[in-house]
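Sequential numbering from 119 applies to the sequence shown in my numbering. From the three backbone atoms N, C-alpha and C, an ideal C-beta is built for every residue, glycine too.
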Amino acid sequence: MPFHSTYYSLFIKVFCFFISMSFYQGYSQNNFETLADSIIDIKTSNYQDIDNIFRAFKTDTLKMMYLSKKSKETNYYEGESYALNMIGIVYRNLSLYDKAINAHTEAQQLAKKTENIELETISLNMLGVVYRRMDAIRSALDYHKQALDLAETANPQSLALKRSIAVSQNSMGNIYLALKQYDLAIRLFQKSLTIEVGSDNKLGLAINYHNIGYAQEAKGLLKSALNNYQRSLKYNNDINSEIGRVICYNSIAGIYIKQGRNKKALPLINSALKKALNINDQYYIATSYLNLGLVNLKLNNLKNVEKNLNTALNIAEKYNLKSSKIETYKTLSEYNNEVGNYKEALNYYKKHIELDNTLTNERNLQYVNDLIIKYESEKKNNQIKALANENELVKIRLAQNKRVLILCLVGIALIGAILFILYRQHQLRNEKKIITLEQEMLRNQMNPHFIFNSLNSIKLYIINNEKENAVYYLNKFSKLIRKILIASTEKEISLENELETMTLYMNIENIRFSNKIHYNVIIDENVSLSNIKVPSLILQPFLENALWHGLSSKNGEKKISLQVSKNSNKYVTISITDNGIGRVASQKIKSQSKLQRKSVGLNITKARLDNFSKNLNAQYSIQIEDLYSDNNTPTGTKVIVKIPLKNLASKAS
């Protein structure tokens, strides 16, 4: 955007004034106000120009508030947006997250008002960083994706936009870190690193090298992680970033602790804590106190451990720093176990697990998949709009030519297109419903708790040197996962395959019950399993309910029996019987539990059976019976599922 010659001359004067004054350490408020007033008169909209002038003052909230106020009075939206973003960063580093969000949101609205893409992408990325610091992964992902999409639409791309793309990619990498997708995270960090190398942005280089190190540390590559942390520290020293030093000191110390070099870690953590206290960044103050408690625990300096850990916990609770609370609970559990306070150790460990599970559930891959579907839908909507615009142009040309016959043909074509679109939308809605059900089904089968607990159980065999059991159950587990993944791509499978998968599932679950469950499958002679089709993985929710609601709280002998029979040409009947505590007792235990988990497996199963039965001559049915002894004592539960037979299956059987 070219300047008027008078404005250009004024800009040169202001710039020279800025250069001359930058040689003096005591740059007064009055001098800054003179500089700010001169820039406000010019009203430059270029972000790089604004940043070059005010970069040295961006951490001075008084000066930035003056710039914001004066810009607002003169409707200089770019200056106000820049100042608000700098103020928001300061609030974020002080862990005043609500104030930071308000500042960045206002900055983004101002940038959007003046159609300044550079400032808008920066504001969106800053909002994402704040929400990521708060462990609000979904909101962070939304803002970074918006920033990335907006920056990529610009042509040509300025240096500021390229850096915004690098920030977005870096932040998306951090999302993958939260989801424990370390290889994908490293790939995004390296993309961001390439942009930062090209623009010689040392801050960006410091951030990306540190994040790559973090991902490598999580993968157990401690030597590579340490090298990247040290690279990051070098760049932070080059730009004299105190907060960067705090982060790197804590990370390098963490590697030393894992390597058993605790005495070398201690001075680094003390330095990090001192700098964090000077900066007053509560997030890294909590991190430093936590690491200080951990290293003292490793060094057996037990006198200082509890005090440091409680300080970290108080800060984490005050500012709702979930990640810090999780790690502090874990370390407090280790400390109390070390000093013999086993009850307290157990209490802190339960808090650690509970909060970690909560945070993990907030960071689920399903949300990422939903977000991808949302963006794909937006692309399709844009295509539909483009087609509608083309049709409008065609209609205008036909109206101008007054060709009635062609107009009639176009009208007929439009009616046909509308009918086709309506029909296609109906099909898409049905397909979306089916896809959603299959996704929900797969998510239930691939429950992270089930996978985690199963692998833990196998790990115990390895730890106890029970190699044959470990290999046996690992083989079973891999077969089960493979069958689940294969089944998830098929709407229907043979009943034979379904029963094989359920047997594998019961074998794996039985490990966690110390192999005390007797699982029995009875198949009537008139049933041809290979010719009967059923929805894939349809029986798993019933077996899971029998295990966890019927048998998990039962003492003594535990049995589950699955019987397949065919008493009609319309149905195959599958009954699942357990000798558990019954539904009444199970519901009572569930109501007394602190963790109330909503079960949706039965609803999804009903919806899938309803969809399976839609075009058949018969409907499915599910019947649940409570079993009692002669003296009216609960003896278990029986579930009877009737699945309609398809014509092909009926003929074959």
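Whole angstroms is fine: what's the gap from residue i's alpha carbon to residue j's?
| i | j | result |
| --- | --- | --- |
| Phe141 | Ala174 | With a pLDDT of only 39 at Phe141, under 50, the local geometry of the prediction cannot be trusted, and the value read off the model is given with reservation. Roughly 12 angstroms separates the two Cα atoms. |
| Ile397 | Asn475 | 32 angstroms |
| Leu245 | Val285 | 12 angstroms |
| Val528 | Arg515 | 11 angstroms |
| Ser92 | Ala333 | Residue 92 cannot be examined here, being either before or after the span of the chain that is shown, 119 to 771. |
| Lys764 | Lys651 | 7 angstroms |
| Arg701 | Ile599 | 30 angstroms |
| Thr691 | Glu335 | 53 angstroms |
| Gly458 | Asn574 | 26 angstroms |
| Leu417 | Ile375 | 10 angstroms |
| Lys520 | Leu540 | 29 angstroms |
| Gln143 | Leu391 | Only weak support is given to the placement of Gln143: the predicted model assigns it a pLDDT of 40, under 50, and the value that follows is read from those uncertain coordinates. Their backbone Cα atoms lie some 27 angstroms apart in a straight line. |
| Asp178 | Ile387 | 27 angstroms |
| Lys320 | Glu610 | 55 angstroms |
| Glu270 | Ile283 | 7 angstroms |
| Asn419 | Gly378 | 15 angstroms |
| Ala383 | Ala371 | 4 angstroms |
| Phe538 | Arg726 | 27 angstroms |
| Glu584 | Arg256 | 42 angstroms |
| Leu242 | Asn203 | 10 angstroms |
| Glu510 | Arg542 | 21 angstroms |
| Phe150 | Ile207 | 20 angstroms |
| Ser156 | Ile373 | 50 angstroms |
| His667 | Ser704 | 6 angstroms |
| Asp260 | Gln226 | 14 angstroms |
| Ile656 | Val589 | 28 angstroms |
Going along the chain, which residues of its own chain have a beta-carbon closer than 6 angstroms to the beta-carbon of residue i, five neighbours each way excluded?
| i | result |
| --- | --- |
| Gln681 | Ile640, Ser693 |
| Met252 | Tyr215 |
| Leu450 | Leu427, Tyr466 |
| Tyr194 | Ile158, Lys161 |
| Gly754 | Asp696, Asn697, Gly698, Leu745 |
| Val759 | Ile692, Ile740 |
| Ala394 | Val364, Tyr402, Ile403, Ser406 |
| Ser768 | Because Ser768 carries a pLDDT of 40, less than 50, the predicted location of this residue cannot be relied on, and the following value inherits that uncertainty. So the list reads Asn687, once near-sequence residues are dropped. |
Give me the residue from the options with the minimum Cα distance to residue i.
| i | options | result |
| --- | --- | --- |
| Asp744 | Asp696, Ala736, Leu763 | Asp696 |
| Gly322 | Lys421, Gln287, Leu297 | Gln287 |
| Asp772 | Leu259, Leu212, Thr239, Lys732 | In the structure as shown, the chain starts at 119 and stops at 771, and residue 772 therefore has no counterpart that could be examined. |
| Ile330 | Ile313, Val315, Leu306 | Leu306 |
| Ile678 | Asn625, Ser709, Lys651 | Asn625 |
| Asn663 | Val757, Ser612, Ser709, Leu417 | Val757 |
| Thr192 | Ala154, Asn419, Asn220 | Ala154 |
| Thr446 | Tyr407, Asp642, Ala725, Ile611 | Tyr407 |
| Asn346 | Val364, Ser369, Glu508, Asn729 | Ser369 |
| Lys708 | Ser671, Ser317, Ile580 | Ser671 |
| Lys337 | Ile304, Leu311, Val315 | Ile304 |
| Asn673 | Asn685, Ser632, Tyr300, Ser683 | Ser632 |
| Tyr437 | Asp728, Ser186, Lys190, Tyr209 | Tyr209 |
| Lys381 | Asn409, Ser359, Thr607 | Asn409 |
| Lys231 | Leu340, Ile207, Glu198, Asn729 | Glu198 |
| Ile602 | Ile235, Lys217, Pro653, Asn148 | Pro653 |
| Ser572 | Ile581, Leu532, Ala434, Arg630 | Arg630 |
| Asn644 | Asn685, Lys190, Ser704 | Asn685 |
Leaving out five residues on either side along the sequence, give the residues of the same chain with a beta carbon under 7 angstroms from the beta carbon of residue i.
| i | result |
| --- | --- |
| Gly411 | Val423, Asn426, Leu427, Ala430, Thr449 |
| Ile219 | Leu245, Val248 |
| Ser317 | Leu277, Lys280, Arg281 |
| Glu627 | Leu665 |
Residues in its own chain within less than 8 angstroms of residue i by CB, not counting five upstream and five downstream?
| i | result |
| --- | --- |
| Pro762 | Lys688, Tyr689, Phe730, Ser731, Leu734, Asn735, Ala736, Gln737, Tyr738 |
| Tyr165 | Glu196, Tyr200, Asn234, Glu236, Leu237, Ile240, Ser276, Ala278 |
If we cut at 7 angstroms on Cβ distances, does residue i have a partner in chain D?
| i | result |
| --- | --- |
| Leu661 | Of the protein chains in the structure, only one exists, and it is not chain D. |
| said: Taking contact to mean 3 or more Cβ pairs, one atom from each stretch, closer than 8 angstroms, check whether the region 290 to 299 and the region 262 to 269 are in contact. | reply: By the C-beta criterion, the region 290 to 299 is judged to be in contact with the region 262 to 269, since at least 3 inter-stretch pairs fall below 8 angstroms.
| message | Check whether the region 353 to 371 and the region 318 to 332 are in contact - that is, three or more C-beta pairs closer than 8 angstroms. | response | The way I'd put it, the region 353 to 371 does touch the region 318 to 332; three or more beta-carbon pairs between them come closer than 8 angstroms.
| query | Which residue spans inside the region 257 to 319 form an unbroken beta strand (DSSP E) run of at least 3? | reply | Fully enclosed beta strand (DSSP E) runs of 3 or longer: not present.
| Runs of beta strand (DSSP E) lying entirely within the region 577 to 633, each at least 3 residues, in chain order | Listed in chain order, they are 610 to 612.
| task | Kindly confirm or deny that the region 630 to 637 and the region 747 to 761 touch, where touching means at least three C-beta pairs closer than 8 angstroms. | result | Judged by pairs of C-beta atoms under 8 angstroms, the region 630 to 637 does not touch the region 747 to 761, as fewer than three such pairs exist.
| request: Answer yes if the region 268 to 281 comes into contact with the region 294 to 305, meaning at least three C-beta pairs across the two stretches below 8 angstroms, and no otherwise. | output: No, the region 294 to 305 does not touch the region 268 to 281.
| field | 4 or more residues per run - each alpha helix (DSSP H) lying fully within the region 360 to 438 | value | You should have 360 to 376, 380 to 397, 400 to 416, 420 to 436.
| task | Run through the region 664 to 696 for me and flag every whole beta strand (DSSP E) of 3 or more residues, listed as ranges in chain order. | result | Annotation: the region 664 to 696 contains the following complete segments of the beta strand (DSSP E) (minimum length 3 residues), in chain order: 676 to 683, 689 to 696.
| message | Just to confirm the assignment: which complete beta strand (DSSP E) runs, minimum length 3, are found wholly within the region 447 to 481? | response | Taking only runs of at least 3 residues, no beta strand (DSSP E) segment lies wholly in the region 447 to 481.
| task | Could you name each continuous alpha helix (DSSP H) segment of 4 residues or more that falls completely within the region 196 to 246, going from the start of the chain to the end? | result | For the region 196 to 246, whole alpha helix (DSSP H) runs of length 4 or above, ordered along the chain, are 215 to 231.
| What beta strand (DSSP E) runs, 3 residues minimum, are completely inside the region 741 to 765? | Runs of the beta strand (DSSP E) inside the region 741 to 765: 752 to 762.
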